[in-house]
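Numbering-wise, the sequence shown is residues 1 to 352 according to full-length UniProt numbering.
Beta carbons are placed, not taken as given, at the ideal position from N, Cα and C, and that holds for glycine.
Notes follow once the structure below has been shown.
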Amino acid sequence: MPPLRLAVVGCGAAARSCHLTALPHVPQIRLTALIDPDPEQARAALKWYTDQGGTAEDVLIARTVEEAADAFDAAVVAVPHTAHAAVAGDLLARGRHVLLEKPMATSAADAEALAAAAAAAPDTRLLMAHPRRLFPANAWVRGLIRNGDLGTVTRVRWTEGHPYSWEPVSWSMFDRALAGGGVLTDTASHVFDILLWWLGPDVEVVDYVDDSLGGVEADAVATLRIGGVETVLEFSRVRALGISCVVTGTAAEVSVGTDFPAGECTLITASGEELHRGDVSAVPPAQDEWDDLFVEQLRNFADVCSGADVAPHATAEDGLRVARLIEQCYTGPARRPLAQPWLTGTMSRSAA
Ligand SMILES: NC(=O)c1ccc[n+]([C@@H]2O[C@H](COP(=O)([O-])OP(=O)(O)OC[C@H]3O[C@@H](n4cnc5c(N)ncnc54)[C@H](O)[C@@H]3O)[C@@H](O)[C@H]2O)c1
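Written as structure tokens, this is what we have:
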């Protein structure tokens, strides 16, 4: 079978450091187009790709999907969040397979429309880019939960906060019109996917607090009930909160780092016996090298697009659940503003 002809739509930081770094290692795929309204970014992405060992031959540089439409059969979409729905929807309508960056869309309605478009065209595949499913520690915890090794899960605590260090090439993460939201949209879209993958799709927002005053939030705290399990999550783009997740069950408690690699992971029984301390080995499809996460993600996408009998790592349904949950946090009745007395001079009772 000839390689899948692939366009990368949106040629910024994620396109380069995630997808274009991996592509030269995925023989089932041939890069044929780089699409970005800013041709400087597309050209910089092409240079990045060739520096990684990719071949520039046959790679068309275009400003729009329309200009390059005949050049590819599938696309990675790595555009700013608020453009996900329109760009992916256009590609699906043209019959192109899509691997879509997170979050699927910035509204549940847009995510539903994308999922419906994909479902209506079964020969066209829409997969979500949720590479954290391939982190060895995340796959390990899922196995422990599903095998009953923790007993009944009673509580999850997830903390992920550090000064912002990603380097987007545009204002995609800070301008609300492009980003849609802040740390919840960006970071929690990864985390929500993992938690729903671990604990099941049944979720309720008990409490949600963030510091947005109209711009993108830098701090957010969510209390959820997922599969009946009390789950408390704290995110920050400005504070060093650490990066850890603790899952407590009636039989044992597991703790992992939430970044990659996870660092020290522990599994301790309710009676205090230490069953594991240290690294977790990668059980395929999990990967123990950062770049290999994206190689595996693209390999899986190519296999699914070719009609091979393999399960996608993350589906449109998975993306839709995350988009709905983010919207429930932002707009549901549980949302409260974070107290910011340094701005308002007062501590309102509801925001305390
Ligand atoms: N999976 C991960 O670990 C990971 C990491 C970082 C970012 N991301 C995701 O990747 C996406 C892009 O983030 P980024 O950091 O690369 O942003 P970025 O600002 O670096 O790049 C965005 C690029 O998209 C281009 N663009 C804007 N509108 C476009 C359109 N309509 N069509 C084509 N291109 C368009 C911009 O010109 C820019 O070059 C986001 O969805 C983000 O959440 C994923």
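Quick check: what's the CA-CA separation for residue i versus residue j?
{"i": "A44", "j": "P80", "result": "18 Å"}
{"i": "I226", "j": "Q41", "result": "40 Å"}
{"i": "E67", "j": "T55", "result": "21 Å"}
{"i": "G263", "j": "R277", "result": "10 Å"}
{"i": "T159", "j": "E57", "result": "45 Å"}
{"i": "F192", "j": "P27", "result": "32 Å"}
{"i": "A240", "j": "F135", "result": "22 Å"}
{"i": "Q340", "j": "A71", "result": "51 Å"}
{"i": "A14", "j": "L20", "result": "9 Å"}
{"i": "D202", "j": "V156", "result": "15 Å"}
{"i": "A88", "j": "G215", "result": "25 Å"}
{"i": "G143", "j": "A323", "result": "25 Å"}
{"i": "C11", "j": "L100", "result": "13 Å"}
{"i": "T346", "j": "R336", "result": "15 Å"}
{"i": "G182", "j": "L224", "result": "19 Å"}
{"i": "A137", "j": "Y330", "result": "29 Å"}
{"i": "I194", "j": "I145", "result": "12 Å"}
{"i": "E253", "j": "A314", "result": "27 Å"}
{"i": "L114", "j": "V98", "result": "11 Å"}
{"i": "residue 360", "j": "V310", "result": "A question about residue 360 goes unanswered here, because the residues of the chain that appear run from 1 up to 352."}
{"i": "G180", "j": "Q328", "result": "14 Å"}
{"i": "P39", "j": "R63", "result": "6 Å"}
{"i": "S165", "j": "E234", "result": "18 Å"}
{"i": "V141", "j": "C265", "result": "10 Å"}
{"i": "W197", "j": "A85", "result": "23 Å"}
{"i": "A282", "j": "E204", "result": "32 Å"}
{"i": "L4", "j": "D90", "result": "19 Å"}
Let me confirm a value: residue i is counted as buried when at least 16 other C-beta atoms fall within 10 Å, else exposed. Which label applies?
{"i": "K47", "result": "exposed"}
{"i": "A352", "result": "Its pLDDT being 45, under 50, A352 is placed unreliably by the model, and nothing is read from it."}
{"i": "E274", "result": "exposed"}
{"i": "L343", "result": "exposed"}
{"i": "P163", "result": "exposed"}
{"i": "L213", "result": "exposed"}
{"i": "G161", "result": "buried"}
{"i": "A119", "result": "exposed"}
{"i": "E217", "result": "buried"}
Starting from the Cα of residue i, find the closest Cα among the options and give me that residue.
{"i": "V65", "options": "Q52, V9, L100 and A116", "result": "V9"}
{"i": "A83", "options": "C329, L4, A177 and A334", "result": "A177"}
{"i": "R96", "options": "E160, Q28 and A117", "result": "A117"}
{"i": "residue 365", "options": "A14, P39, M128 and C11", "result": "There is simply no residue 365 to check, as the chain begins at 1 and stops at 352 in what is shown."}
{"i": "L325", "options": "V206, A314, V98 and D288", "result": "V206"}
{"i": "Q297", "options": "T223, A286 and G307", "result": "A286"}
{"i": "T50", "options": "I29, D73 and R16", "result": "R16"}
{"i": "D123", "options": "A308, T331, C329 and A314", "result": "A308"}
{"i": "M1", "options": "W166, S306, Y164 and A137", "result": "S306"}
{"i": "V247", "options": "L267, R237 and E234", "result": "L267"}
{"i": "T154", "options": "G161, V232, E101 and C265", "result": "V232"}
{"i": "Q52", "options": "P24, V183, V76 and R30", "result": "P24"}
{"i": "R237", "options": "D219, T250 and C245", "result": "D219"}
{"i": "D320", "options": "F235, D110 and W198", "result": "Correcting the residue type first, residue 320 is Leu in the shown sequence and not Asp. Per the Cα distances, D110."}
{"i": "residue 367", "options": "A74, D90, A86 and N138", "result": "Given a span of 1 to 352 for the chain in the structure shown, any question on residue 367 remains unanswerable."}
{"i": "A78", "options": "S271, H130 and E217", "result": "H130"}
{"i": "C18", "options": "E167, D279, D90 and G200", "result": "E167"}
{"i": "A69", "options": "A121, P39 and R94", "result": "R94"}
{"i": "S271", "options": "P284, A251 and P261", "result": "A251"}
{"i": "L199", "options": "A222, E230 and E217", "result": "E230"}
Taking 8 Å as the CB-CB cut-off, is residue i touching chain C?
{"i": "A139", "result": "Absent from the structure is chain C; it holds one protein chain and no more."}
At a threshold of 7 Å, does residue i count as lining ligand 1 (C-beta to nearest heavy atom)?
{"i": "Q287", "result": "no"}
{"i": "E230", "result": "no"}
{"i": "V141", "result": "no"}
{"i": "W198", "result": "no"}
{"i": "Q52", "result": "no"}
{"i": "I35", "result": "yes"}
{"i": "D149", "result": "no"}
{"i": "V191", "result": "no"}
{"i": "E101", "result": "yes"}
{"i": "A88", "result": "no"}
{"i": "G214", "result": "no"}
{"i": "residue 406", "result": "The requested residue 406 is not part of the displayed model; the chain covers only 1 to 352."}
{"i": "L81", "result": "In the sequence as presented, Leu is not what sits at residue 81; that position holds His. Correct: H81 has its Cβ closer than 7 Å to ligand 1."}
{"i": "Q28", "result": "no"}
{"i": "W290", "result": "no"}
{"i": "T319", "result": "Inspection of the sequence shows that residue 319 is occupied by Gly rather than by Thr. Because no heavy atom of ligand 1 lies under 7 Å away, the Cβ of G319 does not count as near it: no."}
{"i": "A69", "result": "no"}
Could you check if residue i belongs to the surroundings of ligand 2, using beta carbon to heavy atom distance under 7 Å?
{"i": "V98", "result": "As for ligand 2, it is missing from this structure, which binds only ligand 1."}
Review point. If you pair each beta-carbon of the segment 103-115 with each one of the segment 251-267, do three or more pairs fall below 8 Å?
Key: no
Point to revise | Cβ pair count under 8 Å reaching 3, the segment 165-175 against the segment 292-299 | key: no
Review point. Quick check: the segment 143-150 against the segment 206-217, are there 3 or more CB pairs under 8 Å?
Key: no
Exercise for review: Count the C-beta pairs between the segment 22-42 and the segment 176-196 that are closer than 8 Å, then say yes if the count reaches three, no if not.
Suggested key: no
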